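Following my numbering, the numbering of the sequence shown begins with 715 at its first residue and continues without gaps.
Where a beta carbon is used, it is the ideal one built from N, C-alpha and C, also for glycine.
Computed from a predicted structure; not experimentally measured.
Right, one structure below, let's go through it.
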Amino acid sequence: MGDYGIYIIIAIVVLLVLYVMSTYNGLVTLKNKVKKCWSQIDVVLKRRADLIPNLVETVKGYASHEKDTLDAVIKARNTYVNSSTTDQEIAASGELTKALSRLMMLSEAYPDLKANTNFMDLQKQLADTEEKIAYSRQFYNDAVNQYMNKKEMFPSNIIAGMFNFETFNFFEVEEADRIVPQVKF
């Protein structure tokens, strides 16, 4: 076996090193894709948070006795702005979405507010932003899915474990939001 045995062992070691490098680089690429997708969501969520003070001020003039709704929106916005982790931002974003839904429903009770051009413009900008959030969330969840599949599948899970690759959570709808609203006439 002699010389050929050494070459075979060297070839196997080289192939293993190349496999580890390739898998590691693939995991890094997917991890960075997840982070990039999250940053896209973050930009749109921040835009939504920036629209809220103007929207609240516009509504205050017409519906000043709706203090609880306005306070809930402001509190949810502040919670989002002060979030320090992705998971906190995801949770705060869900709360903000609920509070904004209640705020938008106020326009039905106040015809003057509904006719206000500033309110209508802010409402349109917010609707456009919500649509962008939905698309960004889809891309983020796709990136997380690809990364987690690579991280958890054999044999790349061995490399991921050796180098302590982090876990990412999906941007999911909360259970309360899955309930279909009842419409009664």
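Skipping 5 residues on each side, what residues in its chain have a beta carbon closer than 6 Å to that of residue i?
i, result
"Phe833", "Thr772 and Leu827"
"Arg762", "Thr843"
"Lys747", "Ala857"
"Asn796", "none"
"Tyr733", "none"
"Ser870", "Thr737 and Lys864"
"Val731", "none"
Report buried or exposed for residue i, applying the criterion of at least 16 other Cβ atoms within 10 angstroms of its Cβ.
i, result
"Ile873", "buried"
"Ile804", "buried"
"Phe885", "buried"
"Tyr794", "buried"
"Ile847", "buried"
"Leu729", "exposed"
"Ser807", "buried"
"Thr831", "exposed"
"Phe879", "buried"
Considering only residues of the same chain and omitting the five flanking positions on each side of residue i, which have a CB-CB separation below 7 Å?
i, result
"Leu784", "Val770, Val773 and Lys774"
"Gly740", "Lys864"
"Ala813", "Ala786, Val787 and Ala790"
Between residue i and residue j, which are expected to be in contact by the criterion C-beta below 8 Å, what is the C-beta distance as a whole number of angstroms?
i, j, result
"Leu759", "Val787", "Going by Cβ atoms, the distance from Leu759 to Val787 rounds to 15 Å, so no, they are not a contact pair."
"Tyr861", "Phe882", "6 Å"
"Leu820", "Ala790", "At roughly 15 Å, the Cβ-Cβ gap does not stay under 8 Å, so Leu820 and Ala790 are not in contact."
"Ile755", "Ser815", "Not confirmed; about 19 Å, so no contact."
"Tyr824", "Trp752", "Wrong, their Cβ atoms sit about 37 Å apart, outside the cutoff."
"Ser744", "Leu840", "Here residue 744 is Leu; the residue named in the question, Ser, does not match the sequence. Their Cβ separation, rounded to whole angstroms, is 32 Å, which puts Leu744 and Leu840 out of contact at 8 Å."
Tell me which residues share the same chain as residue i and place their Cβ nearer than 8 Å to its Cβ, disregarding the 5 neighbours each side in the sequence.
i, result
"Glu822", "Lys828"
"Leu908", "The chain is shown from 715 up to 899; residue 908 falls before or after that span and cannot be answered."
"Glu866", "Ala874"
| query | Going along the chain, which unbroken runs of the alpha helix (DSSP H) with 4 or more residues stay wholly within the segment 815–860? | reply | Counting only unbroken stretches of 4 or more residues, the alpha helix (DSSP H) elements lying wholly within the segment 815–860 are 825–829, in sequence order.
| message | If we require 3 or more residues per run, which beta strand (DSSP E) segments fall completely within the segment 778–813? | response | none
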